[in-house]
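*Asks:* For the record, the sequence lines run as chains A and B.
Residue 61 in this note's numbering sits at position 64 of the first sequence, with consecutive numbering throughout.
To convert, take the position in the second sequence, counting from 1, and add 69; that gives this note's numbering.
All C-beta atoms in this analysis are idealised placements derived from N, C-alpha and C, irrespective of residue type, glycine included.
Take this structure first; my questions come after.
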Amino acid sequence: MTIRVQREPFDPWGEVTAYQATRVETWGGKCGATAAFVGTMRDFNQGETVSAMTLEHYPGMTEGYLEKIRTEAMSRWNIVDALVIHRYGPLTPNEPIVLVAVWSSHRDDAFAACRYLIDELKTRAPFWKHEQTAGGERWVKPG
Amino acid sequence: MATVTVRYFASIRERLGRSEDHIDAAQAKSVADVWRLVAGEPLPANTLVAVNQEYARPESAVRAGDEVAFFPPVTGG
């Protein structure tokens, strides 16, 4: 189980492949399902064109909260492993913001845990988006 | 002096014009007390609060050495 909150850009699909390659011996043959969610920066939001964004977070609490929901997902569903990566700092459209990948024996647990993790992350993990739009700068309000 | 570290994020940090304060722990018993001390007003209804990097409530107790944080609704992911 790995949680990373990082400033550097990342390739979500490369991360999924690389993570699986390093864990596959530990997992044995029991992973029959991988569910992955990737969140990508749009160039529009709430009626405005967005040219760039800065993501602020609460170092320490953000990682702690992601750990907490990972533990909760482990207790609720039968999952083998999970990988969460989230950016902070400056971003431009089309850059990946977040990856949530879940490995499990069967698809139901993988889908459910992945959905739970991204929903909890979006509603409770301390991150804040600050957008640069055609009309000026603004803090994003929860949708 | 036994202190409490107070941290602000996003729009709240911008509005207060600073990211951190250190206050005398003897002057605040609860999270709401801390806010009144640093902002001079009651805690706005939609503000989220944390004590020692865990979600808390306005009435949560505050002790010397604690880290209290105030921030707006989150928008990650």
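#1: Could you please tell me which residues of the segment 93 to 125 of chain B, in chain order, have their CB closer than 7 Å to any CB of chain A?
#2: For the candidate residues B:Arg87, B:Thr144, B:Gly146, whose alpha-carbon lies nearest to that of Ala138 of chain B?
#3: Tell me which residue opens and which closes the beta strand (DSSP E) that Ala110 of chain B is part of.
#4: Taking the alpha carbon of Ala32 of chain A as the point to measure from, which residue in A:Trp136, A:Glu53, A:Thr14 has its own alpha carbon closest?
#5: Mind reading off the beta-carbon distance from Thr144 of chain B to Val81 of chain A? Whole number of angstroms is fine, and I expect it under 8 Å.
#6: Alpha carbon to alpha carbon, how far is Ile0 of chain A from Ser99 of chain B? Give it in angstroms, no decimals.
#7: Enumerated in chain order, which unbroken segments of the beta strand (DSSP E) with a length of 3 residues or greater are wholly contained in the segment 27 to 90 of chain A?
#8: So, for Thr130 of chain A: in the same chain, excluding its five sequence neighbours on each side, which residues have a beta-carbon less than 8 Å away from its beta-carbon?
#9: Indicate the three-state DSSP secondary structure (helix, strand or coil) for Pro123 of chain A in the structure shown.
#10: If you follow the alpha helix (DSSP H) that Ala79 of chain B is part of, which residue opens it and which one closes it?
#11: Return the residues of the segment 22 to 41 of chain A that lie within a Cβ-Cβ distance of less than 8 Å from chain C, sorted by chain order.
#12: Pull up the distance between the alpha-carbon of Val73 of chain B and that of Thr19 of chain A, whole angstroms please.
#13: 8 Å is my cut-off, CB to CB: does Thr74 of chain B come that close to chain A?
#14: Taking only the alpha-carbon atoms, compute the straight-line gap between Met71 of chain A and Thr37 of chain A and give it to the nearest angstrom.
#15: Please list the residues of the segment 46 to 57 of chain A that have a C-beta atom closer than 9 Å to any C-beta atom in chain B, keeping them in chain order.
#16: Return the residue from the list B:Ala71, B:Met70, B:Ala97, B:Arg82 that minimises the CA-CA distance to Glu53 of chain A.
#17: Quick one: any contact between the segment 3 to 12 of chain A and the segment 81 to 90 of chain A, if contact means 3 or more CB pairs under 8 Å?
#18: Please tell me whether His103 of chain A and Gly29 of chain A are closer than 8 Å, where the distance is taken between their beta carbons.
#19: Given a limit of 8 Å on CB to CB distance, which residues of the segment 91 to 119 of chain A reach chain B?
*Replies:* Looking at the coordinates:
#1: Going along the segment 93 to 125 of chain B in chain order, one finds Ala119, Gln122 with a Cβ nearer than 7 Å to chain A.
#2: When only C-alpha atoms are compared, the closest one is B:Arg87.
#3: First, the residue type needs correcting, since residue 110 of chain B is Glu and not Ala in the sequence shown. Element bounds for Glu110 of chain B: n/a, residue is neither H nor E.
#4: Measuring from the Cα of Ala32 of chain A, the nearest candidate turns out to be A:Thr14.
#5: With a Cβ gap of about 17 Å, Thr144 of chain B and Val81 of chain A do not count as contacting.
#6: Going from the Cα of Ser99 of chain B to the Cα of Ile0 of chain A covers about 32 Å.
#7: Entirely contained in the segment 27 to 90 of chain A, the beta strand (DSSP E) runs reaching 3 residues are, in chain order, 30 to 37, 45 to 54, 76 to 84, 86 to 88.
#8: Asn42, Glu45, Thr46, Val47, Ser48.
#9: The three-state secondary structure of Pro123 of chain A, taken from DSSP, is coil.
#10: Where Ala79 of chain B is concerned, the enclosing alpha helix (DSSP H) stretches over 79 to 85.
#11: As a matter of chain content, chain C is missing from the structure shown, whose protein chains are A and B.
#12: So the two alpha carbons sit approximately 43 Å from each other.
#13: It does not: the Cβ of Thr74 of chain B has no partner Cβ on chain A nearer than 8 Å.
#14: Roughly 26 Å separates the two Cα atoms.
#15: The segment 46 to 57 of chain A vs chain B, Cβ under 9 Å: Leu52, Glu53, His54, Tyr55, Gly57.
#16: Considering only alpha carbons, the answer is B:Arg82.
#17: A contact exists between the segment 3 to 12 of chain A and the segment 81 to 90 of chain A.
#18: A contact, by the Cβ cut-off of 8 Å.
#19: Listed in sequence order: Ile94, Val95, Ile115, Leu118, Lys119.
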